[in-house]
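Colleague:
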């Protein structure tokens, strides 16, 4: 388990292209606000809710954690993907599942 590195955070080109800045900040915030010890791999499952928002399912394996949030921000396109946030101790990277 690791502590999320606040000073060296990065996003991949895929995240920059497919996720709005507001949504990226929301995902970082969900990690920051987690009261549990954090695993080095955070997983976000995104599902568009008929143009009214995005259902975000945030999980980690050790210790087991799961939270569901509805981000009420209409998306111009369907977002049905998994986002991984990997922290190796030196830096933290947010990436699409296809970039993992």
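Residue numbers (the UniProt record's numbering): 1 to 100. Where is the CB? At the ideal position from N, CA and C, for every residue including glycine.
Would residue 46 and residue 70 qualify as a contact pair, given that the criterion is a beta-carbon distance under 8 angstroms?
Modeller: The answer is no: Cβ separation not under 8 angstroms.
Colleague: Nearest to residue 84 by CA position, among 53, 49, 99, is which residue?
Modeller: Nearest option by C-alpha distance: 99.
Colleague: If you reduce the DSSP assignment to three classes, tell me which class residue 68 lands in.
Modeller: Strand.
Colleague: Provide the residue span of the alpha helix (DSSP H) that contains residue 89, from first to last.
Modeller: Unbroken run through residue 89: none, as it is neither H nor E.
Colleague: So who's on the other strand from residue 60, going by DSSP bridges?
Modeller: Residue 60 pairs with 65.
Colleague: Look up residue 17 in the DSSP assignment and say whether it is helix, strand or coil.
Modeller: Here residue 17 sits in helix by DSSP.
Colleague: May I ask you to report which of helix, strand or coil DSSP gives residue 80?
Modeller: Looking at residue 80 - three-state DSSP - the assignment turns out to be coil, as it is neither helix nor strand.
Colleague: Give me the Cα-Cα distance between residue 58 and residue 90, rounded to the nearest whole angstrom.
Modeller: Computed Cα separation, rounded: 22 angstroms.
Colleague: How should residue 27 be labelled, buried or exposed, when 16 other C-beta atoms within 10 angstroms of its C-beta is the threshold for buried?
Modeller: Buried, by the Cβ-count rule.
Colleague: Can you find the residues in the same chain that come closer than 6 angstroms, C-beta to C-beta, to residue 68, ignoring five residues on each side of it along the sequence?
Modeller: Taken in chain order, the residues that qualify are 57.
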